[in-house]
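One structure is given below, encoded as structure tokens.
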Amino acid sequence: MRLANKTCVITAAAQGIGRATALAFARQGATVIATDIDFAQLEQLKAECEQIQIEFLDVTDKQKTQDFANKYKDVDVLFNCVGWVAAGSIYECDENDWEKSFKINVDSMYYMIQSLLPALLKSGNASIINMSSAASSIKGVANRFAYSATKAAVLGITKAIAADYITQGVRCNAICPGTVDSPSLHQRIAAQAEQEKRSVSDIYQQFVARQPMGRIGKAEEIAALAVYLASDESGFSTGTFNMIDGGWSN
0 MRLANKTCVI TAAAQGIGRA TALAFARQGA TVIATDIDFA QLEQLKAECE QIQIEFLDVT
60 DKQKTQDFAN KYKDVDVLFN CVGWVAAGSI YECDENDWEK SFKINVDSMY YMIQSLLPAL
120 LKSGNASIIN MSSAASSIKG VANRFAYSAT KAAVLGITKA IAADYITQGV RCNAICPGTV
180 DSPSLHQRIA AQAEQEKRSV SDIYQQFVAR QPMGRIGKAE EIAALAVYLA SDESGFSTGT
240 FNMIDGGWSN
């Protein structure tokens, strides 16, 4: 199996892409440590796959990430999957949206990578995978001002970590999805439909229409890419931005 003998930490593993990846990693033989702030959903994940270890973890709390790292000192893969989408242009982005976006999407990666770096260096063959987006410095997307700014920052983090540790056995790559079917997407669709006084199905079709492939992505498709980036098969890849967006950014 591709991830046999690897210990993999995943943030935001309770649902969506994180959950799909936790299950995919486990199927590939990894020891999976799934973290989230939604412990009830984590328990459901463990009920589906007993070999997955679960941990309540607020990755926006630096001390909590350090406490976590003190507990788990043997880690080969870190998948920073946590994220939050703030809608709106700069005019509609208040300071709370701006600060929350950076706290969840950027600060969390800084805390997790810094806290787990000793374990990753100890591994000598480690992989860090950061969740970015096509909506970043790669593609301008309307009404995603704060979100795009944070996801561009993630790409900068990825390049910097890759450059700093390229000779020390730590690789760092980013995944840049387009629109992916997930509980958070459906929550955003419902909120937008209510705000614009339109039907949920109408808003959903709007998201589908912007994907040149004519459909939105599946969490399992992103998870398959994460498996590759976590495995030794991607051993010659670091500092890369892996587009998986149905042609949206072409």
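Residue numbers for the sequence shown, in numbering that gives the first Met the number 0: 0 to 249.
All C-beta atoms, glycine included, are put in the ideal place defined by N, C-alpha and C.
In this text, all values refer to a predicted model and were calculated from it rather than measured experimentally.
Cβ contact annotation for residue 180 (same chain, cutoff 8 Å, sequence separation greater than five): 215, 216, 217, 218, in chain order. Across the set 71, 56, 22, 200, the C-alpha of 22 shows the shortest separation from the C-alpha of residue 47. In this structure residue 120 is exposed. Its beta-carbon is surrounded by fewer than 16 other beta-carbon atoms within 10 angstroms.
For residue 209, the three-state secondary structure derived from DSSP is coil. Here the alpha carbons of residue 131 and residue 209 stand approximately 19 Å from one another. Of the other Cβ atoms in all chains shown, 16 or more fall within 10 Å of the Cβ of residue 146; this residue is therefore buried. The Cβ-Cβ distance between residue 128 and residue 175 does not fall below 8 Å. Counting C-beta atoms within 10 angstroms of its own C-beta, residue 197 has fewer than 16 neighbours from the protein chains shown and is therefore classed as exposed.
Counting along the chain, residue 8 sits inside no alpha helix (DSSP H); it lies in the beta strand (DSSP E) bounded by residues 6 to 9. If only uninterrupted beta strand (DSSP E) runs of at least 3 residues are considered, those enclosed by the segment 23 to 60 are 30 to 35, 52 to 55. Your pair residue 157 and residue 107 does not check out as a contact, with CB atoms roughly 14 Å apart and the cut at 8 Å.
Here DSSP, grouped into helix, strand and coil, assigns residue 95 to helix.
Inter-residue distance for residue 9 and residue 172 is about 15 Å (C-alpha atoms, whole angstroms). The segment 137 to 180 contains, as complete alpha helix (DSSP H) runs of 4+ residues, the segments 144 to 164 (chain order). By a beta-carbon distance limit of 8 Å, residue 51 contacts residue 25. Their separation comes to about 5 Å. Between residue 29 and residue 5 the beta-carbon gap is near 5 Å, inside 8 Å, which marks them as a contact. In the DSSP annotation of this structure, residue 2 is not part of any alpha helix (DSSP H), being labelled neither H nor E. Note that the C-beta distance between residue 229 and residue 76 is below 8 Å. By the neighbour-count criterion, in which a residue is buried when 16 or more other Cβ atoms sit within 10 angstroms of its Cβ, residue 166 is exposed.
For residue 112, the uninterrupted alpha helix (DSSP H) run begins and ends at 107 to 122, by DSSP.
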